[in-house]
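Visitor: Submitted below is the structure of interest, expressed as structure tokens.
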Amino acid sequence: MAGKGGKQSRSGPALSGRKGTGEQEEEEQPLQAVLVADSFNRRFFPVTKDQPRALLPLGNVAMIDYTLEFLTSTGVQETFVFCCWMASKIKDHLLKSKWCRPTSPNTVHIITSDLYRSLGDVLRDVDAKNLVRSDFLLVYGDVVSNIDISQALQEHRHRRKIDKNISVMTMIFKDKSQRILHYQKTQGLKKLQFPMNIFHSASDEFEIRHDLLDCHISICSPQVAELFTDNFDYQTRNDFVRGILVNEEILGNQIHMHVTKDGYGVRVSNLLMYDSVSSDLVRRWVYPLTPEANFTDWEGQSCTYSRHNVYRGSGVSLGHGSQMEENVLIGCDTSIGANCHISNSVIGNNCTIGDNVILNHAYIWNNVHIASNVMISQSVVCDKVVVKERVKLNKQCVLAYNVVIGPDISLPEGTVVSMHHPEEEEEDDDEFLSDDAEVGQSKDKTKQKAFNPAEVGAEGQGYVWKASSLDDTEDEELSQCLWGLVLNPDPESESEDSEPDGPDDPMIPSPEMDDVKVFQMEVLGTLQRGLEENISCDNLVLEINSLKYAYNITLKEVMQILTRVVLEYPFQQQGPQLTASQYVAVLLPLLKKWAPVFKNYVKRAQDHLDCLSAFEEHFLEQESHWAAMVKVLMNMYQLEILEEEMILRWFSQGATTKKSIQLRQNQGLQKFIQWLEEAEESSEEDDE
Amino acid sequence: MPGPDKETDLTERIEAFLSDLKRGGSGTGPLRGSAETARETTALLRRITAQARWSSAGDLMEIIRKEGRRMTAAQRVLKIIREEYARSRGSSEEADQQESLHKLLTSGGLSEENFRQHFAALKANVIEAINELLTELEGTTDNIAMQALEHIHSNEVIMTIGRSRTVEAFLKDAARKRKFHVIVAECAPFCQGHEMATSLSKAGIETTVIADAAIFAVMSRVNKVIIGTQTVLANGGLRAVNGTHTLALAAKHHSTPLIVCAPMFKLSPQFPNEEDTFHKFVSPHEVLPFTEGEILSKVNVHCPVFDYVPPELITLFISNIGGHAPSYIYRLMSELYHPEDHEL
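For the record, the sequence lines run as chains A and B.
Residue 667 in my numbering sits at position 667 of the first sequence, and the numbers go up by one each step.
Residue 12 in my numbering sits at position 12 of the second sequence, and the numbers go up by one each step.
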């Protein structure tokens, strides 16, 4: 009801408010929203090569319209849409839509730039342009939701009023309002780690939850944008949340969460999600955003609703004997031939479908031609695709724009066909954010390469993409492949594992796995550059230190990674077929050169042990190089990187696995240890 | 005459109203009853009449028809607005007709052209008529409640379903003089029946809540069924909350009288031709929460909101202007609405 009141009082002041009297009242600031119409990842590739993700149709309506409708219905009066990839298309779409009519209760500003590469960039720009004046909502352009967030909003404001500006963000989760102490993606992690200090703090109750669905809707205070500016290394919301939580004591910022039981809210982050959101939409979970409501107000988009969730647009013709079984949405002016079976599918506008076609979980966009005797199951068919006779699409196939398939071919599970050649893709890999120009170029190249009739059929046009292109430096969620991972969460085992571990446990896989990996790459790069450009060790230490802060890596990890990187360096340079003697020959001068770097980090006893454990780990993997091990260890001892006492301690206690015991039985190593022991004794004798 | 500023303000208001209806327009949500919708629609119409540019009755009708068409074409979900529309237009029409009749006598012309004549006083008259309609709308619930004592006697057992503000007021009014027992069917999955029961028991009425499935079992004890409705259709049937048809059939089986409390503005010129068009399906969340993902992938869940109740199951309508048999509805219809206006 609160939202209602707000809305009615809006219509008057909204007009005048826009003309510059916005500062009038502190209390009644119009609610603003920042909509990021770019995902900054390539999960929908190659589909998103021709159309930005925000404009992909979901139930025949562009995804961004769902997001805008959600924002408007929650009472947002001013939305900033940030676009980057194919910004002009999004702009065109929005200008034509009802959101840009003068009567729209939600003023939409479109801000485009090719320079945004992450959520962080967008929010820094928000701060730079000083766009937000009060709390704002942060959403992505592919969020579909009907959650009433007015309560969360009220709670957020209330909290902010009570203790001035401490709470900076409220995250909406689907499933009651609390503080977030620790936030972590559990995807693919077998163990969860909790910092001890959480349990030392004042509150008495904790809840560990692994059953929440992140709606990717956050209520942010204006400080959020500032914080992003201050911390230039925040790229995603996860970085931000982690950063805030880690620095909670220092900066005094807190993040809260709101868990809602009603409503529906989800981000379409991969095609599997696309599949389930579409079917949820057709099954009316997102009511009142149902297909027949025609909330976008496009002319001629209206459709009728009948039993078993069958929606029919105007001008739909259905041939003799064809059946629309259940959960079917058919767009305007689509004609369907005789004896077709259609279930759980969405068909766009102006499609022609032949006779005897079987569609199950098929998502067919606009202007698609499907010939007779075609079978399609759980696949996405984009605009203007032609599917010829007797083609069979198995599960999880994707036909991108303008592809022609068939006749008489069956595509195996998970096939992705696009008019763009996968290789040219690699070339402009780095520049996908701004390659409008390059798309033109690549078309010329496309003509030179022939289509493979074995893959796409005799009259086919298009290239088959290898399903997984796993390049995940810019992670964020589940996976990089188009359909995402198949989610098989096993809540039982996970909750058991979620017992807190002591922070000193040495071998826990750290939660920031990806950061660690990236860090390792960076360290390697730094050392390499140092070698090439002959940078002094002091400067190398400086660089590694700054990397350490940028990726939030503990000192211990730095040590281990550094050791590992150095030890692997020869392999990196010369390839893995190096013999032991060659390996030593390459490594020893390097060790000598970088000894000051090591000395800088390896100081306390614990450091030595960490370094040694990384050392051990490395050689456990390289069994054939055990001969080189002693020499390297010896060298490290002589360079005074490692102390003999520590080496002895490591040797006597470190063995835990069978293999490491085996390693300690290595003759050379035993000799070396013996020698060390003797040397120690003699030095002791000397002292006496 | 209003400047362009007012004009845009008007369209803005209409847009806001429409989108509000679209978003919150479920009769089940926490939003509002149909009475409120009716009042708002009429108020909006008054504004249109007052602010839009028109010079004769014909123009005005054209304008209202246009806006009305837009409102209904925009969403088929909410039939109610059409009814409200037709109703209020009916009223403005009455005013028009009186005026043009007057004109008809003086000028002797018989054609449609008459609507094109200009009257200085017409605008004021129409607005007045709409204002009257507004006051009438506000008084409907009280009018109906006043008749309660004629229908409810001491120590009767009365059954109702879900929550209707009209029925609530009706029962409370009777409870001031008489003692009786009310059985409320909870009306799952939204369970408005629970609210109704709480509200009634606060007013000192002996109340029992039963599950929808127990309606037939309990019916043998019941003296009278009193229900509300969402809409009264042109044939005297009802478009009422889900479960009403079950209730009506059970009542028929036990020959228990079924009384429908419905103010006049709920009367719609529609006939129940296509049953599907009456249905509204909302999010199945209430039936099966979304967290039950495992089940949902294998099962279809539906959550319809309305039921059609045929007129032969209904004993009596109580409206703000008195009691009527279902067969009398057609007569009321022609009194209230102009036949040309049934189709917008």
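Ideal Cβ placement from N, Cα and C applies to all residues, glycine included.
Please read all numbers here as calculations on a predicted model, not as lab measurements.
Could you check which residue in A:N373, A:V456, A:H361 and A:V266 has the C-alpha nearest to that of V141 of chain A?
Guide: Here residue 141 of chain A refers to the residue found at position 141 of the first sequence. For the sequence presented, residue 141 of chain A should be read as Gly rather than Val. Closest by alpha carbon: A:V266.
Visitor: Bridge partners of V139 of chain A, per DSSP?
Guide: In the first sequence, the residue the question calls residue 139 of chain A occupies position 139. BP columns for V139 of chain A point to A:L35 and A:I217.
Visitor: Along the chain, which unbroken stretches of the alpha helix (DSSP H) at least 4 residues long are found entirely within the stretch 252 to 339 of chain B?
Guide: Those alpha helix (DSSP H) runs which fall completely within the stretch 252 to 339 of chain B and span 4+ residues are 275 to 278, 293 to 296 and 329 to 336.
Visitor: Please report how far the alpha carbon of V385 of chain A lies from the alpha carbon of N367 of chain A, in whole angstroms.
Guide: In the first sequence, counting from the first residue as 1, residue 385 of chain A sits at position 385. In the first sequence, counting from the first residue as 1, residue 367 of chain A sits at position 367. About 7 Å.
Visitor: For V287 of chain B and V301 of chain B, what's the separation of their Cα atoms in angstroms?
Guide: For this step, residue 287 of chain B is matched to residue 287 along the second sequence. For this step, residue 301 of chain B is matched to residue 301 along the second sequence. Answer to the nearest angstrom: the Cα atoms are 7 Å apart.
Visitor: Checking contacts by CB at 7 Å: is S283 of chain B closer than that to chain A?
Guide: In the second sequence, residue 283 of chain B corresponds to position 283, counting from 1. Yes, its Cβ sits closer than 7 Å to a Cβ of chain A.
Visitor: With C303 of chain A as the anchor, note down where its beta strand (DSSP E) starts and where it stops.
Guide: Looking up residue 303 of chain A in the first sequence gives position 303. Looking at the DSSP string, the run of the beta strand (DSSP E) that includes C303 of chain A is C303 to S306.
Visitor: Sort A:L213, A:D148, A:Q622 and A:D65 by Cα distance to P570 of chain A and report the nearest one.
Guide: Taking the first sequence and counting its residues from 1, the one referred to as residue 570 of chain A is at position 570. When only C-alpha atoms are compared, the closest one is A:Q622.
Visitor: 7 Å is my cut-off, CB to CB: does W594 of chain A come that close to chain B?
Guide: Along the first sequence, one-based indexing puts residue 594 of chain A at 594. Chain B, which has no Cβ nearer than 7 Å to the Cβ of W594 of chain A, makes this no.
Visitor: Fully enclosed by the stretch 155 to 190 of chain B, which alpha helix (DSSP H) runs are 4 residues long or longer?
Guide: 165 to 175, all fully within the stretch 155 to 190 of chain B.
Visitor: Evaluate E150 of chain B with the Cβ neighbour count: other Cβ atoms within 10 Å of its Cβ, from every protein chain shown; 16 or more gives buried, anything less gives exposed.
Guide: By 1-based counting over the second sequence, the position of residue 150 of chain B is 150. So E150 of chain B ends up on the exposed side.
Visitor: Please tell me whether Y287 of chain A has its Cβ less than 7 Å away from any Cβ of chain B.
Guide: Here residue 287 of chain A is taken as the residue at index 287 of the first sequence, counted from 1. Cβ-Cβ to chain B under 7 Å: yes for Y287 of chain A.
Visitor: Rounded to a whole number of angstroms, what is the C-alpha to C-alpha distance between F306 of chain B and R307 of chain A?
Guide: Here residue 306 of chain B is taken as the residue at index 306 of the second sequence, counted from 1. Here residue 307 of chain A is taken as the residue at index 307 of the first sequence, counted from 1. Each residue's Cα considered, the two are about 14 Å apart.
Visitor: Mind reading off the beta-carbon distance from S335 of chain A to N360 of chain A? Whole number of angstroms is fine, and I expect it under 8 Å.
Guide: Within the first sequence, residue 335 of chain A is the residue found at index 335, counting from 1. Within the first sequence, residue 360 of chain A is the residue found at index 360, counting from 1. Contact doesn't hold; Cβ gap of about 20 Å is too wide.
Visitor: Buried or exposed: where does P453 of chain A fall if 16 or more other Cβ atoms within 10 Å of its Cβ makes it buried?
Guide: By one-based count along the first sequence, residue 453 of chain A stands at place 453. By the neighbour-count rule (16 or more Cβ atoms within 10 Å), P453 of chain A is not buried but exposed.
Visitor: Could you tell me the alpha carbon to alpha carbon distance between L648 of chain A and L676 of chain A, rounded to whole angstroms?
Guide: As a working note, residue 648 of chain A is residue 648 in the first sequence. As a working note, residue 676 of chain A is residue 676 in the first sequence. Near 8 Å, if we compare the C-alpha coordinates of L676 of chain A and L648 of chain A.
Visitor: Which chain A residues sit within Cβ distance under 9 Å of N300 of chain B?
Guide: Position 300 of the second sequence, counted from the start, is the residue given in the question as residue 300 of chain B. R283, H308, N309, E326 and N327, listed in chain order.
Visitor: Shortest alpha-carbon distance to K392 of chain A belongs to which of A:A293, A:E455 and A:C351?
Guide: Along the first sequence, read from residue 1 onward, the residue named residue 392 of chain A stands at position 392. Of A:A293, A:E455 and A:C351, the residue nearest in Cα terms is A:E455.
Visitor: Reducing DSSP to helix, strand and coil, say where G313 of chain A ends up.
Guide: Position 313 of the first sequence, counted from the first residue, corresponds to residue 313 of chain A. The answer is strand: DSSP assigns G313 of chain A an E or B state.
Visitor: Use the C-beta contact count for P326 of chain B: other C-beta atoms within 10 angstroms, 16 or more gives buried, fewer gives exposed.
Guide: Within the second sequence, the letter at position 326 stands for residue 326 of chain B. With 16 or more other Cβ atoms within 10 Å, it is buried.
Visitor: Along chain B, in chain order, which residues have C-beta atoms closer than 9 Å to that of D114 of chain A?
Guide: Here residue 114 of chain A refers to the residue found at position 114 when the first sequence is read from its first residue. Here the premise fails: no neighbours, minimum Cβ distance about 34 Å.
Visitor: Quick check on the burial criterion: 16 or more other C-beta atoms within 10 angstroms. Buried or exposed for E168 of chain B?
Guide: In the second sequence, the residue the question calls residue 168 of chain B occupies position 168. Burial call: buried.
Visitor: Can H608 of chain A and M646 of chain A be called in contact, C-beta distance under 7 Å?
Guide: As a working note, residue 608 of chain A is residue 608 in the first sequence. As a working note, residue 646 of chain A is residue 646 in the first sequence. Yes, Cβ-Cβ distance for H608 of chain A and M646 of chain A is below 7 Å.
Visitor: Helix or strand or just coil, what does DSSP make of C537 of chain A?
Guide: The residue given as residue 537 of chain A occupies position 537 in the first sequence. The answer is helix: DSSP assigns C537 of chain A an H, G or I state.
Visitor: Please report how far the alpha carbon of E206 of chain B lies from the alpha carbon of T160 of chain B, in whole angstroms.
Guide: Here residue 206 of chain B refers to the residue found at position 206 when the second sequence is read from its first residue. Here residue 160 of chain B refers to the residue found at position 160 when the second sequence is read from its first residue. Spanning the two alpha carbons is a distance of roughly 13 Å.
Visitor: Consult DSSP for L153 of chain A and reduce its assignment to one of helix, strand or coil.
Guide: Here the question's residue 153 of chain A lines up with position 153 in the first sequence. Reduced to three states, the DSSP call for L153 of chain A is helix.
Visitor: Mind pulling the chain B residues with CB within less than 7 Å of D127 of chain A?
Guide: Looking up residue 127 of chain A in the first sequence gives position 127. Ordered by position in chain B, no residue passes the 7 Å Cβ test against D127 of chain A, which lies about 32 Å from the chain.
Visitor: Going by DSSP, name the residue or residues bridged to S372 of chain A.
Guide: For the purposes of this step, residue 372 of chain A is taken as residue 372 along the first sequence, with counting starting at 1. In DSSP, S372 of chain A forms no bridge with anything.
Visitor: N350 of chain A: which of A:D333, A:N356 and A:E155 sits nearest, CA to CA?
Guide: Residue 350 of chain A sits at position 350 when you count from the first residue of the first sequence. Taking only the C-alpha atoms, the option nearest N350 of chain A is A:D333.
Visitor: Of the choices A:R133, A:L587 and A:C83, whose alpha-carbon is the least far from that of V122 of chain A?
Guide: Taking the first sequence and counting its residues from 1, the one referred to as residue 122 of chain A is at position 122. Comparing Cα-Cα distances from V122 of chain A to each of A:R133, A:L587 and A:C83, the minimum goes to A:C83.
Visitor: Of the residues A:V310, A:T352, A:Y274 and A:A152, which one's Cα is nearest the Cα of A54 of chain A?
Guide: Reading the first sequence from its first residue, position 54 is the one you call residue 54 of chain A. Comparing Cα positions, the closest option is A:Y274.
Visitor: Would you call Q270 of chain B buried or exposed, if buried means 16 or more other Cβ atoms sit within 10 Å of its Cβ?
Guide: As a first step, residue 270 of chain B must be located in the second sequence, where it is residue number 270. Answer is buried; the Cβ neighbour count reaches 16.
Visitor: Which same chain residues end up closer than 6 Å to Y689 of chain A when comparing Cβ atoms and leaving out the 5 residues on each side of it in sequence?
Guide: The requested residue 689 of chain A does not occur in the structure, where chain A is confined to residues 1 to 688.
Visitor: Work out the CA separation of E312 of chain B and G139 of chain B for me, nearest whole Å.
Guide: Working through the second sequence from its first residue, we reach residue 139 of chain B at position 139. Working through the second sequence from its first residue, we reach residue 312 of chain B at position 312. Near 29 Å, if we compare the C-alpha coordinates of E312 of chain B and G139 of chain B.
Visitor: How about T79 of chain A and V108 of chain A: are their beta carbons less than 7 Å apart?
Guide: To locate residue 79 of chain A, count along the first sequence from 1; it is residue 79. To locate residue 108 of chain A, count along the first sequence from 1; it is residue 108. Yes; because the gap between Cβ atoms is below 7 Å, this pair is in contact.
Visitor: Is F190 of chain B near R284 of chain A, with beta carbons less than 7 Å apart?
Guide: Here residue 190 of chain B is taken as the residue at index 190 of the second sequence, counted from 1. Here residue 284 of chain A is taken as the residue at index 284 of the first sequence, counted from 1. In this structure, R284 of chain A does not lie closer than 7 Å to F190 of chain B by Cβ.
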